[in-house]
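Participant:
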Amino acid sequence: MKCSAAAWLLPGGEREYAIERGGEEFSAYCHAGTCGALPGPGQLARDTLQEIQPARSLPAGFGLFETANETMKCNNILEAIGHTPLVRLNRLARDCQAEVYVKVDYMNPGGSVKDRIGIWMIDEAERKGLLKPGGTIIEGTSGNTGIGLALVAAVRGYKIVFTTTDKQSKEKVDQLKALGAEVIVCPTAVEPEDPRSYYSVAKKLAAEIPNSYYPNQYDNPMNPDAHYHTTGPEIWEDTEGLITHFVCGIGTGGTTSGVGRYLKEKNPSVRIIGVDPVGSLYYEYFKTGNVGKAKTYVVEGIGEDIFPSTMDFKILDDILQVNDQECFVWARRLAKQEGIFAGGSGGGCVSAAIRLARELPRSSLVVAFLPDTGTRYLSKIYSDEWIRERGYVDAELSLTAEDVVRAKNLRGKERELLVARPYQTVFHALHTMQEEDISQLPVFEEANPIGTIFEDQILNLALQGKDLRKLVIREVMSNPLPQVPREAPVERVTYLLSHDSPAVFVEMAPGHYDILTKYDLMGTIAELMEKPQRR
């Protein structure tokens, strides 16, 4: 279902709008602020019409969209899954020559793309006899897959138990419970193999509960298969085979792999672009072949700290990286400027798609994927207070951490980052601080920050009578300084510096760091305030 419009100027100043929806064309006309439906698109002489502008240039709210008098009758809610609309971005893509559409998959009945894989995984389990009547479905989920599975369970009479992480929104957990699920919340900041992780707890429950089935979306081939057979064909048909770029956030990789495989089979030149949050493993692995260390990020539903078998890297042509702030800011822009109410992962996907589309010619057609609805994040990314507290504000002054680092270095403060090693003595750290006139030293093991030692700490140790020449830094160091990627907004740096951290690491490149203090930040702001006076 593709939603778009074209406009013509009629004699007398009227405008006719030819609307294409679901492969059918409808007409409407507007004159002096009055709109009404024309008899039909074929009843006007098209040679008397002059096409005046594409839909993205039309004034907001102008015109009437006639819709088909279609009847959609379903025997149960599962039959309503799929055939979600493809909607053109107008205001957000106005500086792009390429056309940009979004696949609004949150219009599935459960509010997300995961409705598709829920029914496919359970259908396959029933066919193979892995799930019997009255059984229990157990899954580790960030929320959306659980909701998709819960729809199937409600219709077919299964019990449901889900594990999730404490990073997920309250709205997701509440909806899972409303659909009859038992929800077990597990810690986010543990390794996947840790027995407390939501992966491990789900596996343990599946082994203990009789007549249970663990779909395991991370290794279930029905995950990408669902998209190969449904989502991919829908996008191909709705773009009439004209799609040139598919942009999609990667979590389990099922959507990207399934849709990508289908589109590549139809046209090998279609480029498949993954979108990965800073902190996930995918971007570095795709670019370098190295398995880095996963770091904490806030956006839900994309990125991974493991490599699921459902992720097919051979399908990908590129991966674009986004940070938390981009995801949240662009989700909010999407709601306010296009009326499309998506989650943070969809915001990140649109951010990457617009960044890509700005470099593409007019002949390109970009489809970005919106996996879930913004109603799941009302207490988080759509809460002004939550956004302000975490420094994710869509500021007019779009400074990044990298901008502040470069401004600091231009003021003559550029020098190699001074670090201590965990095996060195505390006395060695004190000597370095005195020589360099600094009050803290980050502690690095190889290229990774693992701690910090402060001047005040050393003073207290000396007053306690400790032998600083024998005391090893590893034994007394504090937690490492907080770190941000170079593209992090300056508001994020400000937030961290104002919450009891004397400095913040900025990762300028993988394994290469600079450091910012409140003094550096104030220096940059002072320069910006002086600039208008110099004109």
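Counting in my numbering, the sequence shown runs from 3 upward without gaps.
All C-beta atoms in this analysis are idealised placements derived from N, C-alpha and C, irrespective of residue type, glycine included.
#1: If you check the beta carbons only, do Gly-393 and Glu-328 fall under 8 Å apart?
#2: Please look up how many angstroms separate the CB atoms of Thr-166 and Gly-145, rounded, as I've assumed it's under 8 Å.
#3: At what residues does the alpha helix (DSSP H) containing Met-435 begin and finish?
#4: Going by DSSP, name the residue or residues bridged to Gln-485.
#5: What's the gap between the Cα of Tyr-230 and the Cα of Leu-151?
#6: Going by DSSP, what residue range makes up the beta strand (DSSP E) through Arg-138?
#7: Could you give the residue range of the alpha helix (DSSP H) that holds Phe-288?
#8: Thr-138 to Leu-132, Cα distance in whole Å?
#9: Does Lys-410 pass the burial test, meaning 16 or more other C-beta atoms within 10 Å, or should it be called exposed?
#10: Pick from Val-187, Thr-434, Lys-205, Val-368: whose alpha carbon is nearest that of Asp-541?
#11: Would you call the CB atoms of Ile-119 and Asn-213 closer than 8 Å?
#12: Quick check on the DSSP output: the beta strand (DSSP E) that includes Leu-443 runs from which residue to which?
#13: So who's on the other strand from Ser-214, going by DSSP bridges?
#14: Could you say which of Leu-432, Val-301, Ile-149 lies nearest to Asn-462 if we only look at CA atoms?
#15: Return helix, strand or coil for Ala-95, following the three-state DSSP convention.
#16: Tell me whether the beta-carbon of Gly-348 lies closer than 8 Å to the beta-carbon of Val-324.
#17: Put Gln-170 into one of helix, strand or coil per three-state DSSP.
#18: By Cβ distance, which residues of its chain are closer than 7 Å to Leu-499, with the 5 residues on each side in sequence left out?
#19: Under the three-state reduction of DSSP, which class applies to Ala-191: helix, strand or coil?
#20: To which residues of the same chain is Arg-48 closer than 7 Å at the C-beta, ignoring the five residues directly before and after it?
#21: In this structure, how does DSSP classify Glu-328 when only helix, strand and coil are distinguished?
#22: Is Val-89 buried or exposed, if buried means 16 or more other CB atoms sit within 10 Å of its CB?
#23: Taking C-alpha atoms, which residue in Asn-450, Asp-196, Lys-472 lies nearest to His-514?
#24: Between the region 289-301 and the region 195-207, are three or more C-beta pairs nearer than 8 Å?
#25: Starting from Cys-250, trace the beta strand (DSSP E) both ways and give me its first and last residue.
#26: Cys-76: buried (16+ other C-beta within 10 angstroms of its C-beta) or exposed?
#27: Could you tell me which residues DSSP pairs with Asp-320 in its beta bridges?
#28: Any beta-carbon of chain D closer than 8 Å to the one on Gly-84?
#29: If you run the structure through DSSP and keep just helix, strand and coil, what is Pro-61?
#30: Since I believe Tyr-216 is in contact with Glu-306 (beta carbons under 8 Å), could you give me their beta-carbon distance rounded to a whole number of angstroms?
#31: Determine the contact status of Pro-373 and Asp-107, defining contact as a CB-CB distance below 8 Å.
#32: Would you say Ala-337 and Phe-343 are within 8 Å of each other, going by their C-beta atoms?
#33: Do Leu-265 and Ile-252 have their beta-carbon atoms positioned less than 8 Å apart in this structure?
#34: Would you say Val-508 and Met-479 are within 8 Å of each other, going by their C-beta atoms?
#35: Taking the alpha carbon of Pro-512 as the reference point, which residue from Ser-199, Pro-363, Ala-359, Glu-448 has its own alpha carbon closest?
#36: Which whole-angstrom value is the C-beta distance of Gly-243 and Ile-317, which I expect to be below 8 Å?
Facilitator: Answer, in terms of the structure:
#1: As a first step, residue 393 is located in the sequence shown; it is residue number 391 there, counting from the start. As a first step, residue 328 is located in the sequence shown; it is residue number 326 there, counting from the start. Result no, Cβ atoms of Gly-393 and Glu-328 do not sit closer than 8 Å.
#2: Counted from its first residue, the sequence shown places residue 166 at position 164. Counted from its first residue, the sequence shown places residue 145 at position 143. About 6 Å; that satisfies the 8 Å criterion.
#3: Along the sequence shown, read from residue 1 onward, the residue named residue 435 stands at position 433. Element bounds for Met-435: 428-438.
#4: Within the sequence shown, numbered from 1, the residue matching residue 485 stands at position 483. Bridge partners of Gln-485: Phe-507.
#5: Against the sequence shown, residue 230 aligns to sequence position 228. Against the sequence shown, residue 151 aligns to sequence position 149. Their backbone Cα atoms lie some 19 Å apart in a straight line.
#6: If you number the sequence shown from 1, residue 138 lands on position 136. Correcting the residue identity first, residue 138 is Thr in this sequence and not Arg. Counting along the chain, the beta strand (DSSP E) containing Thr-138 begins and ends at 138-142.
#7: Your numbering for residue 288 matches position 286 in the sequence shown. Run containing Phe-288: 284-290, per the alpha helix (DSSP H) assignment.
#8: By 1-based counting over the sequence shown, the position of residue 138 is 136. By 1-based counting over the sequence shown, the position of residue 132 is 130. Rounded to whole angstroms, Thr-138 to Leu-132 spans 11 Å at the Cα level.
#9: Mapped onto the sequence shown, residue 410 falls at position 408. Buried, by the Cβ-count rule.
#10: Absent from the structure is residue 541, since the part of the chain shown begins at 3 and ends at 537.
#11: Taking the sequence shown and counting its residues from 1, the one referred to as residue 119 is at position 117. Taking the sequence shown and counting its residues from 1, the one referred to as residue 213 is at position 211. Going by C-beta atoms, Ile-119 is not nearer than 8 Å to Asn-213.
#12: The sequence position of residue 443 within the sequence shown is 441, counting from 1. That run of the beta strand (DSSP E) goes 442-447.
#13: If you number the sequence shown from 1, residue 214 lands on position 212. Paired residue(s): Thr-138.
#14: For this step, residue 462 is matched to residue 460 along the sequence shown. Comparing Cα positions, the closest option is Leu-432.
#15: Position 93 of the sequence shown, counted from the start, is the residue given in the question as residue 95. Here Ala-95 sits in coil by DSSP.
#16: For the purposes of this step, residue 348 is taken as the residue at position 346 of the sequence shown. For the purposes of this step, residue 324 is taken as the residue at position 322 of the sequence shown. Not in contact: Gly-348 and Val-324 (Cβ atoms no closer than 8 Å).
#17: The count along the sequence shown starts at 1 and reaches residue 170 at position 168. Residue state, collapsed to three classes: coil.
#18: On the sequence shown, position 497 is the one that residue 499 refers to. Excluding sequence neighbours, Leu-499 sits near Val-506, Lys-520, Leu-523.
#19: For the purposes of this step, residue 191 is identified with residue 189 of the sequence shown, where counting begins at 1. Looking at Ala-191 - three-state DSSP - the assignment turns out to be coil, as it is neither helix nor strand.
#20: Within the sequence shown, the letter at position 46 stands for residue 48. Residue placement at Arg-48 cannot be trusted, given a pLDDT of 34 that sits under 50; what the coordinates show is reported in the next sentence. None.
#21: As a first step, residue 328 is located in the sequence shown; it is residue number 326 there, counting from the start. The answer is helix: DSSP assigns Glu-328 an H, G or I state.
#22: The residue labelled residue 89 in the question sits at position 87 within the sequence shown. Label assigned to Val-89: buried.
#23: Mapped onto the sequence shown, residue 514 falls at position 512. Checking every option, the nearest Cα to that of His-514 belongs to Asn-450.
#24: no
#25: The residue given as residue 250 occupies position 248 in the sequence shown. Its beta strand (DSSP E) spans residues 247-251.
#26: As a working note, residue 76 is residue 74 in the sequence shown. Flag for Cys-76 reads exposed.
#27: The residue given as residue 320 occupies position 318 in the sequence shown. According to DSSP, which records beta bridges pairwise, Asp-320 is partnered with Ile-275.
#28: Looking at the structure shown, chain D is missing, and only one protein chain is on hand.
#29: Looking up residue 61 in the sequence shown gives position 59. For Pro-61, the predicted structure reports a pLDDT of 37, less than 50, and the residue's modelled location is therefore unreliable. The matter cannot be settled from this model.
#30: Translated into positions along the sequence shown, residue 306 becomes position 304. Translated into positions along the sequence shown, residue 216 becomes position 214. Going by Cβ atoms, the distance from Glu-306 to Tyr-216 rounds to 18 Å, so no, they are not a contact pair.
#31: By one-based count along the sequence shown, residue 373 stands at place 371. By one-based count along the sequence shown, residue 107 stands at place 105. Yes.
#32: Position 335 of the sequence shown holds residue 337. Position 341 of the sequence shown holds residue 343. Result yes, Cβ atoms of Ala-337 and Phe-343 sit closer than 8 Å.
#33: Mapped onto the sequence shown, residue 252 falls at position 250. Mapped onto the sequence shown, residue 265 falls at position 263. No, these two residues do not count as a Cβ contact at 8 Å.
#34: One-based indexing of the sequence shown puts residue 508 at position 506. One-based indexing of the sequence shown puts residue 479 at position 477. No, the pair does not count as a contact, with Cβ atoms beyond the cut-off.
#35: Here the question's residue 512 lines up with position 510 in the sequence shown. The residue with the shortest Cα to Cα distance from Pro-512 is Glu-448.
#36: As a working mapping, residue 243 is identified with position 241 in the sequence shown. As a working mapping, residue 317 is identified with position 315 in the sequence shown. At roughly 18 Å, the Cβ-Cβ gap does not stay under 8 Å, so Gly-243 and Ile-317 are not in contact.
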